[in-house]
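Reading through the structure tokens given below for one structure.
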Amino acid sequence: MLLSRKQLLHPHSYTTCYCFHALVYQARSRACITAAAANTAEATSAVAAPPPKPGAPKQCARVLFVGGLPGAVDPDVLQQQLAAACSQWHPTRVEVARFEEESVRSRFAAGWQHKGHAAIAFTSEDDLAAAAAAVQQLAADDWQVAAVVGPARKPPPHWPPELTLTPQELQEVQQQQAAAALRRAHNKRQRDRRQQRLIDSVSSLLTGLSPPAGLAAAQQYQPLLGQRLQQQLLQQHQQHQQQLEQAADLQLTSSSTGGSSSVLCATDLVDQLMAAMPDPLRFAIQVDKLQQLLQTQQQQQGPGLIRLAAAPSVVAVEQQLLLDWSLLPAVVDPAFGGQLADADVVRAGAGRMNLRALRKRVQVESFMLLLLQLTLPALKANAHLHIVEFGSGSGNLVLPLAHLFPCFTLTAVDMKASAITLLRQRVQQGQMHNVRVQEGTIELYSGAADVVLALHACGAASDWSLAQAAARSAAFIVSPCCIGKVNKSNTAGLFYRQDGSKRQQADQAAAAQVQQALQQTGQIQYPRSHWLKQQMDELAAKVKAEQQQQQQQQQDASPLGTPAADPAGHTLLAQQQQQQQQQQPLSPLQQAVLQSGSRTEQCRALFSLMAQAADYSHQEDHSYPDLAALAKSNVELDRGLSMAEAGYSTALVRLLQPELTAKADVLLGLPAAGARQVTAAGSASSAFSWVWA
Ligand SMILES: C[S@@+](CC[C@H](N)C(=O)[O-])C[C@H]1O[C@@H](n2cnc3c(N)ncnc32)[C@H](O)[C@@H]1O
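Note that the UniProt record's numbering has the sequence shown beginning at 1, numbered continuously upward.
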């Protein structure tokens, strides 16, 4: 198959400007590359023919591009062979392109040692032409793949241009570079201005909300061990004491918050937790670390905003792990079974973890600790619970939990076929009898659930998980993910956009399921809580009133209609002023209010503004992290408050080692007393009813 000219010159083709690079990257298979290579001469002329587009990089006639090189061959060996093959034409430089640090892992795992292309510079075009034929021959003889050979449009960026360009060409390139730098600076200024306007708008939005949200939201965070849970533990502890008449065994300390509520001291808490732990968990947990953690938490005064660590240290993170992960089967460990560790560590079965694997382990530990506390009464009573994880992916949370809590049944639900296949393989490999796997959407889940879990289920998937918990009066532990997708998910399901984007094409069946779910269950509306809706309503009214007042002031200040000594001059001044004001664009906050129709739309637009600022992740070098964290805590608070309005006791807590991720918020919920008696058909396990009653 010969690639068409359109494919070769596609504007989205590889931007570092090797003409044949496009060819390689457009070719989807080895067969394609080989076939294209067979037609190299034709392809070369196809590339050379069209007139250069304005701003297109200049063709560099003295740099030869070689593509389609065998990825598994050592790049140094390739480099030597290329240099030797064209040595008689005196190349000034030969270079095989290598991976940058961050892109190495996936390609390396797939057996690639370099990027599969090289560039060779010559002093004349004649030399290049002659060398091209030799390299083509070499490729055919030695590497069993046909290389793609042709002149590059531009030398690689890190090559000094004077090595390959004439003085005139060099001057042109320098002019182009200067123009590009100017363009970049202009774009950056515009981006900064837009960002500043967003920051200003979101700041005034948050300032406009009254407690417990707005700027006070950060104070809503509670230690990982929620107050309500502590009190529940305390009550049980007291009952236990009375029954056994062994008051001296356990001590109580007063709560730092004062009043009638009191909490258990860390040692007693650890004892309680240890006594109830199922065996695999009891063996794997590092008791001293648990005790230390609970002690630190009890001493803390309101954790405040989550601040991300600039460069978290792997060693420090490892030292704080609660579990001894070497005691868990490799297949359930996100690092090995989930293959989050680097390829060499996975292969060797040991070694230093990377942060990605450690982050997931820390998330699993956080859920483990919360689940343990939440289900403590059931564990003590040997009651069997049904736990459902929504958006399980390939099982990095559900599998270690299923191993640590063999007394519970865990169901994993996800709509992504590839993730479910991998999860099923892991379940089979680990011979896990307490795990059920269900491919499908969260929205359409109709099975039982005593406790709902969701870890970083994207956008509205977290809200669907909460809705599913509410429908069954199930307890929940939900750590929400990105929020920017909230608007998309509101119209067409989470990942699936109605515009026919590639994700939708990738899985039409799942898209159809989401659409069906939306028809059946309705949409998730934002803000979630009546409380925030009301607040945003008030804010919208305030913004409108301010705008009207401003307009009135402008009219009043206008000299039109007032007696003027110099009428012509006044009119001109007034017109200029009016023009200036008209030219000043509305702030994002004003846009949200003034350009939305109904009050519901205004509320949603204000919420979207907040969600937009809240959407940040640990990969970004964020320029307003505090504001983003604050906006995120408000979004989560809104979710929590909506569940509180549905009768839940909720707490906003944080993952362990929260500085590791921007998505460290966790919503914790216990259904109202007695709510378990009213359950969705077939979903309540009778043993669980008494737990929360
Ligand atoms: C970021 S992954 C998290 C996976 C896993 N919980 C973990 O932390 O390793 C989010 C998962 O949610 C799934 N998901 C998102 N929306 C969903 C929906 N509406 N129904 C089912 N699964 C969904 C995605 O397919 C994806 O596998």
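Here a beta-carbon is modelled for each residue, glycine too, at the ideal position from N, C-alpha and C. As the structure is a prediction and not an experimental result, all values here were calculated from the model.
Counting C-beta neighbours from all protein chains within 10 Å, is the total for residue 396 16 or more, i.e. buried, or is it exposed?
A residue is called buried when at least 16 other Cβ atoms come within 10 angstroms of its Cβ; residue 396 meets this threshold and is buried.
For residue 93 versus residue 119, is the C-beta distance shorter than 9 angstroms?
Result yes, Cβ atoms of residue 93 and residue 119 sit closer than 9 angstroms.
Residue 413 vs residue 390 beta-carbon contact at 9 angstroms:
Yes; because the gap between Cβ atoms is below 9 angstroms, this pair is in contact.
Which stretch, first to last residue, makes up the beta strand (DSSP E) that contains residue 204?
That residue, residue 204, is in no beta strand (DSSP E); its alpha helix (DSSP H) goes 167-208.
Quick one: what does DSSP say residue 595 is sitting in, helix, strand or coil?
Under the three-state reduction of DSSP output, residue 595 falls in the coil class, being neither helix nor strand.
Which word fits residue 443, buried or exposed, when buried means at least 16 other C-beta atoms lie within 10 angstroms of its C-beta?
Burial call: buried.
Segment contact flag, the segment 358-368 with the segment 460-470, C-beta cutoff 8 angstroms, min 3 pairs
Touching, no.
Is the Cβ-Cβ distance between residue 333 and residue 359 less than 9 angstroms?
In this structure, the beta-carbon distance from residue 333 to residue 359 does not fall below 9 angstroms.
contact_flag[the segment 370-384, the segment 306-326] where n(CB pairs < 8 angstroms) is 3 or more:
Taking 8 angstroms as the limit for Cβ pairs, the verdict is that the segment 306-326 does not touch the segment 370-384.
Compare the beta carbon distance of residue 66 and residue 147 with 9 angstroms and say whether it is the shorter of the two.
In contact: residue 66 and residue 147 (Cβ atoms closer than 9 angstroms).
If you measure between the beta carbons of residue 116 and residue 150, is that distance less than 9 angstroms?
With respect to the 9 angstroms criterion, residue 116 and residue 150 are not classified as neighbours on the basis of their beta carbons.
Range of the contiguous beta strand (DSSP E) that encloses residue 151
Start and end: 148-151.
When DSSP labels each residue in this structure, what does residue 414 get in the three-state scheme?
The answer is strand: DSSP assigns residue 414 an E or B state.
Boundaries of the alpha helix (DSSP H) in which residue 282 is found, first to last residue:
Segment 279-284, the alpha helix (DSSP H) holding residue 282.
Flag this pair as yes or no: are the beta carbons of residue 322 and residue 293 separated by less than 9 angstroms?
Residue 322 is a Cβ neighbour of residue 293, given a cutoff of 9 angstroms.
Nearest to residue 585 by alpha carbon, out of 425, 159 and 194?
Of the candidates 425, 159 and 194, 194 places its Cα closest to the Cα of residue 585.
Do you know whose CA, among 439, 373 and 186, lies nearest residue 393's CA?
Closest option to residue 393, Cα to Cα, is 439.
Using the Cα positions of residue 297 and residue 372, report the straight-line distance between them to the nearest angstrom.
Between the C-alpha atoms of residue 297 and residue 372 there is a straight-line separation of about 17 angstroms.
Cross-strand partners of residue 267 (DSSP beta bridge):
According to DSSP, residue 267 bridges with nothing at all.
Residue 713 to residue 205 span [Cα, whole Å]:
Residue 713 lies beyond the stretch modelled for the chain, which goes from 1 to 693, so this question has no answer here.
Does the beta-carbon of residue 408 have 16 or more other beta-carbons within 10 angstroms, so that it is buried, or is it exposed?
By the 10 Å Cβ count, residue 408 comes out buried.
C-alpha distance - residue 630 paired with residue 528, whole-angstrom precision
Answer to the nearest angstrom: the Cα atoms are 17 angstroms apart.
Taking the straight line between their C-alpha atoms, what separation do you get for residue 402 and residue 633?
Roughly 30 angstroms between the two C-alpha positions.
By the DSSP assignment, the beta strand (DSSP E) with residue 439 in it spans what residues?
Taken as a continuous stretch (DSSP letters only), the beta strand (DSSP E) holding residue 439 covers 435-439.
Do residue 203 and residue 627 come within 9 angstroms of each other at the CB atom, strictly closer than that value?
The Cβ atoms of residue 627 and residue 203 lie closer than 9 angstroms to each other.
Tell me the start and end of each unbroken beta strand (DSSP E) in the UniProt domain "Methyltransferase" (359-488) that is at least 3 residues and wholly inside, in chain order.
If one requires a minimum length of 3 residues, the beta strand (DSSP E) runs lying completely within the UniProt domain "Methyltransferase" (359-488) are 386-390, 409-414, 435-439, 451-455 and 475-479, in chain order.
Just to check my reading of the structure: residue 705 and residue 624 have Cβ atoms closer than 8 angstroms, yes? What is that Cβ distance to the nearest angstrom?
Since the first residue shown for the chain is 1 and the last is 693, residue 705 is missing from the structure and cannot be characterised.
Candidates 319, 541 and 434, of which the one nearest residue 352 by Cα
The candidate whose alpha carbon is nearest that of residue 352 is 319.
Taking the alpha-carbon of residue 648 as reference, which of 605, 470, 592 and 638 has the nearest alpha-carbon?
Closest by alpha carbon: 470.
Run the proximity test for residue 353: is its beta-carbon closer than 8 angstroms to any non-hydrogen atom belonging to ligand 1?
Residue 353: no, Cβ never under 8 angstroms from ligand 1.
Beta-carbon proximity of residue 536 to residue 455, cut-off 9 angstroms:
Between residue 536 and residue 455, the C-beta gap is not smaller than 9 angstroms, which leaves the two residues out of contact.
Buried or exposed: which applies to residue 645, given that a residue is buried once 16 or more other Cβ atoms fall within 10 Å of its Cβ?
Residue environment: residue 645 is assigned as exposed (fewer than 16 neighbouring CB atoms within 10 Å of its CB, all protein chains considered).
From the DSSP output, read off the bridge partner residues of residue 667.
In DSSP, residue 667 forms a bridge with 478 and 652.
With burial defined as no fewer than 16 other Cβ atoms inside 10 Å of the residue's Cβ, what is the status of residue 635: buried or exposed?
Buried, because 16 or more other Cβ atoms sit within 10 Å of the Cβ of residue 635.
Heavy atom of ligand 1 less than 8 angstroms from the Cβ of residue 455, yes or no?
Yes, ligand 1 has a heavy atom inside 8 angstroms of this Cβ.
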